[in-house]
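Reviewing the structure listed below.
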Amino acid sequence: MTHSALSRADLAGRAEAVAPLLLGAVLESRGPQALSDPVAVRITEVEAYGSTGADPASHAHRGRTQRNAAMFGEPGHLYMYFIYGMHWCANVVCGQPDEGAAVLIRAGEVLRGVEVARLRRGGSRPDRDLARGPANLAAGLGLRGQHNDIDLFADDSPVRLLPGPRGPLSPAEVACGPRVGIRHAVDRPWRWWIVDDPTVSRHPGPRGHRPR
DNA sequence: GCGACGATCTCA
DNA sequence: GAGATCGTCGCC
Numbered sequence: 003m004t005h006s007a008l009s010r011a012d013l014a015g016r017a018e019a020v021a022p023l024l025l026g027a028v029l030e031s032r033g034p035q036a037l038s039d040p041v042a043v044r045i046t047e048v049e050a051y052g053s054t055g056a057d058p059a060s061h062a063h064r065g066r067t068q069r070n071a072a073m074f075g076e077p078g079h080l081y082m083y084f085i086y087g088m089h090w091c092a093n094v095v096c097g098q099p100d101e102g103a104a105v106l107i108r109a110g111e112v113l114r115g116v117e118v119a120r121l122r123r124g125g126s127r128p129d130r131d132l133a134r135g136p137a138n139l140a141a142g143l144g145l146r147g148q149h150n151d152i153d154l155f156a157d158d159s160p161v162r163l164l165p166g167p168r169g170p171l172s173p174a175e176v177a178c179g180p181r182v183g184i185r186h187a188v189d190r191p192w193r194w195w196i197v198d199d200p201t202v203s204r205h206p207g208p209r210g211h212r213p214r
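Using the working numbering, read the first sequence as starting at 3 and increasing by one per residue.
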């Protein structure tokens, strides 16, 4: 049994409704040239970011800008952003076009292309760390600014959103809690992760909050 | 035009 | 707990 395939229509809802649906689904990237083998990552942790005026922590909160324009496009596209002068992070655009909502993909399990992911990450590290944390996940998949706004549902896209291999998640397998690394709307429990999954990111978190 | 800071990570 | 490192946006 596989995770049922997500369609673009499934992503058209509110970010906080779409986010948990992405758990267990797979992001697969095909690199150009040398690192052309696909890397597939099963999503284990996500965060919802709401639309303009509705979520002070969202890049879309103050409206459309050049950077966040992809958030205001069609659901099912990627929104890539660059952070801290060195990291790229990947979001799946959701909601209605012009709404400006997205789901940050925070962590995943590398199902395929472990060798390529390890090369991209550099050094030797446990498999479970290859896509643990949003910047690590993007790095392992080889995702950067050039992938901003690409359509995850186009057959010829270098990055695609595919059904997961393990079947639907039961409610007991999913936990939620506050988002990480933000200053505003910290109380909103808009981060979801797969319980006991070793690839879910670790982080200092305010007051020692930890996924379990 | 300028400057403060950020949806991070690693290592000490 | 600091440092790496730079694009973005708000404000001067």
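We put the beta carbon where it would ideally sit given N, CA and C, even for glycine.
### Message
Can you give me the C-alpha to C-alpha distance between Asp-199 and Asp-129, rounded to a whole angstrom?
### Response
As a first step, residue 199 is located in the first sequence; it is residue number 197 there, counting from the start. As a first step, residue 129 is located in the first sequence; it is residue number 127 there, counting from the start. The straight-line gap from Cα to Cα measures roughly 13 Å.
### Query
For Thr-201, does the count of other Cβ atoms within 10 angstroms reach 16, so buried, or fall short, so exposed?
The residue labelled residue 201 in the question sits at position 199 within the first sequence. By the 10 Å Cβ count, Thr-201 comes out buried.
### Task
Per DSSP, which residues does Ala-92 bridge with? Please list them.
Taking the first sequence and counting its residues from 1, one reaches residue 92 at position 90. In the DSSP output, where bridge partners are listed per residue, Ala-92 has Met-82.
### Query
Do Ala-50 and Val-105 have their C-beta atoms within less than 8 Å of each other?
Along the first sequence, one-based indexing puts residue 50 at 48. Along the first sequence, one-based indexing puts residue 105 at 103. Yes, they are a contact pair.
### Message
Tell me the residue span of the alpha helix (DSSP H) that contains Val-230.
### Response
In this structure the chain extends from 3 to 214, so residue 230 is not present and cannot be described.
### Query
From what residue to what residue does the beta strand (DSSP E) around Leu-154 run?
Position 152 of the first sequence, counted from the start, is the residue given in the question as residue 154. Segment: none, Leu-154 is in no beta strand (DSSP E) and carries neither H nor E.
### Query
Going by alpha carbons, who is nearest to Gly-179 out of Ser-9, Leu-13 and Glu-18?
On the first sequence, position 177 is the one that residue 179 refers to. Among Ser-9, Leu-13 and Glu-18, the Cα nearest to that of Gly-179 belongs to Glu-18.
### Message
Can you check which of these residues, Ala-174, Ser-172, Val-188 and Leu-163, is closest to Leu-24 by C-alpha distance?
### Response
The sequence position of residue 24 within the first sequence is 22, counting from 1. Ranking Ala-174, Ser-172, Val-188 and Leu-163 by Cα distance to Leu-24 puts Leu-163 first.
### Query
Ordered along the chain, which non-local residues of its own chain (more than five positions away) have a Cβ less than 8 Å from that of Pro-160?
Position 158 of the first sequence, counted from the first residue, corresponds to residue 160. So the list reads Ser-31, Arg-32, Gly-33, Pro-34, His-149 and Ile-152, once near-sequence residues are dropped.
### Task
Pair every Cβ in the region 134 to 149 with every Cβ in the region 82 to 91, then say whether three or more of these pairs are closer than 8 Å.
Contact check between the region 134 to 149 and the region 82 to 91: three or more CB pairs, one atom from each, fall below 8 Å, which counts as touching.
### Simplified DSSP state of Arg-32, which is helix, strand or coil
Looking up residue 32 in the first sequence gives position 30. Correct three-state label for Arg-32: coil.
### Query
What residue does the beta strand (DSSP E) around Arg-122 start on, and which one ends it?
Residue mapping note: residue 122 aligns to position 120 of the first sequence, counting from 1. Premise fails: Arg-122 lies in the alpha helix (DSSP H), 116 to 123, not in any beta strand (DSSP E).
### Query
Of the residues Val-94, Gly-55 and Arg-168, which one's Cα is nearest the Cα of Met-220?
Past the edges of the chain, shown from 3 to 214, lies residue 220, and the structure says nothing about it.
### Environment of Asp-100 [buried if 16+ CB atoms lie within 10 Å]
Counting from 1 along the first sequence, the entry for residue 100 is found at position 98. The residue in question, Asp-100, is exposed, as its Cβ has fewer than 16 Cβ neighbours within 10 Å.
#### Entry: Presumed contact (8 Å Cβ cut-off) between Arg-77 and Arg-108, rounded CB distance
Sequence index remark: in the first sequence, residue 77 carries index 75 (1-based). Sequence index remark: in the first sequence, residue 108 carries index 106 (1-based). Sequence inspection shows Pro at residue 77; the Arg mentioned does not correspond to that position. Arg-108 and Pro-77 do not touch by the CB rule: their CB atoms are close to 19 Å apart, not below 8 Å.
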